[in-house]
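Residue numbers (this note's numbering): 86 to 425. Backbone N, C-alpha and C define an ideal beta-carbon position, used for all residues, glycine too. Treat the numbers as computed from the prediction; the structure is a model and nothing was measured. This report refers to the structure that appears directly beneath it.
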């Protein structure tokens, strides 16, 4: 992984504040891995359709098979089962599911290696905490557990270092809910939690600290689709093919040589996307005029900078690792140990 290249995060301020803060954060941030006993630990991994995320690291989700040919550079390279791969370069195509091939497993190994290396560990028994969209949780939970348990003994090399990992348990958590799970006890009112992901947007309704499943939904509007639409509209308006990563730079306010006039066009299109999402939420019966709204994850960055008229009672938790951290929090509770 290129350290600092794809690590974006921000701490959430109190509900209702207009959060203006840095997006990039220091990897690891001094956080300690959740350890259960000698040689055993919990690792949360959020396998997004754009980025892979652990509690401390973020990387592109692209997986490229090199076969038996050793890569020229060790960076982003993984060796497993007699083959070399590059994991973390570019974005993989969106598919119907993530368990029809080994790509998700290879990304998970990469995330595990990053977390273990930070702790100076190269052999470990791991409780793997992963997630599913809120509405798909009940349907796909057992499939995801089976996917990881089929190959729970993992021996591989990442960036030239050898790892031996045994997945001793797989815990599946619902996305979006996981991002705010550690704060539920302080949420004494009605809240709408909105997690704009790469493929879908999860919406969880929380009432007095309890998620209300009957009022929680998944919407087929999300970042990858929006970026494709922005690329199409930019082509019409400017005649230029704008790469996906340049649009992401505008969204994340990264500096570069991108023409200011193009950036302003893109920002206007982003505002339209957020307003469209808010309109759909209103049409689905959510009272946005007065309910507390919390945007979480990567989409919170976009929502924060392009929010509509509900800003006064909306908060933005821009930590892209929020779900992965939440998976670890929930897994830790399930194993009977409190988070320190």
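Bridge pairing for residue 214: 129 and 256 [DSSP]. With a threshold of 16 other beta carbon atoms within 10 Å, residue 417 meets it and is buried. Our two residues, residue 382 and residue 312, have alpha carbons roughly 17 Å apart in a direct line. Across the structure, residue 262 and residue 148 are spaced so that their CA atoms are roughly 28 Å apart.
The segment 271-343 is shown to contain whole alpha helix (DSSP H) runs of 4 or more residues at 308-323 and 329-336, in chain order. The three-state reading of DSSP puts residue 124 in coil, since its state is none of H, G, I, E or B. Under the DSSP assignment, residue 413 falls in the alpha helix (DSSP H) whose first and last residues are 407-419. A residue is called buried when at least 16 other Cβ atoms come within 10 angstroms of its Cβ; residue 372 does not meet this threshold and is exposed. The beta carbon of residue 273 sits closer than 8 Å to those of 293 and 294, all from its chain and outside the five residues before and after it, given in chain order. Each residue's CA atom was taken as its position, placing residue 210 and residue 238 some 9 Å apart.
Of the residues 349, 358 and 304, the one whose Cα lies closest to the Cα of residue 322 is 349. Taken atom to atom, the span from the alpha-carbon of residue 401 to that of residue 139 is near 20 Å.
Its chain contains 354 as the residues whose beta carbon lies nearer than 7 Å to that of residue 318, once the 5 sequence neighbours on both sides are disregarded; these appear in chain order. Separation of residue 342 and residue 329 (C-alpha to C-alpha, rounded to the nearest whole angstrom) is 15 Å. Burial of residue 388 is indicated by the presence of at least 16 other C-beta atoms within 10 angstroms of its C-beta. Distances from the CA of residue 208 to each of 123, 230, 271 and 270 were compared; the closest alpha carbon is that of 123.
For residue 315, same chain residues with a beta-carbon under 7 Å away, outside a window of 5 residues either side, are 332, 351 and 354 in chain order. Contact between residue 398 and residue 356 fails: their C-beta atoms lie close to 19 Å from each other, not under 8 Å. Here DSSP, grouped into helix, strand and coil, assigns residue 184 to coil. A distance of 8 Å or more separates the beta carbons of residue 129 and residue 395. Distance from the CA atom of residue 284 to the CA atom of residue 178, rounded to whole angstroms, is 11 Å. DSSP, read as helix, strand or coil, puts residue 147 in coil. Taking C-beta atoms as the reference points, residue 133 and residue 144 fail to come closer than 8 Å.
Counting of Cβ neighbours within 10 angstroms places residue 235 among the exposed residues, the total staying below 16. Note: residue 381 is bridge-paired with 280 and 402 in the DSSP secondary-structure output.
Boundaries of the beta strand (DSSP E) harbouring residue 243: 238-243, taken from the DSSP string. If the five residues before and after residue 173 are omitted, its C-beta is found closer than 6 Å to the C-beta atoms of 86, 144, 145 and 161, all from its own chain and listed in chain order. In this structure, DSSP gives residue 269 a helical state, which the three-state scheme calls helix.
Per the DSSP secondary-structure output, residue 247 pairs in a beta bridge with 242. In the structure shown, the three-state DSSP call for residue 209 is strand.
Spatial neighbours of residue 378 in its own chain (CB-CB distance under 7 Å, excluding positions within 5 residues in sequence) are listed in chain order as 277, 279, 395, 398 and 399.
Measuring C-alpha to C-alpha distances from residue 266 to each of 380, 410 and 121 identifies 410 as the nearest.
Under the DSSP assignment, residue 361 falls in the alpha helix (DSSP H) whose first and last residues are 345-368. Beta-bridge pairing by DSSP links residue 164 to 169 and 242.
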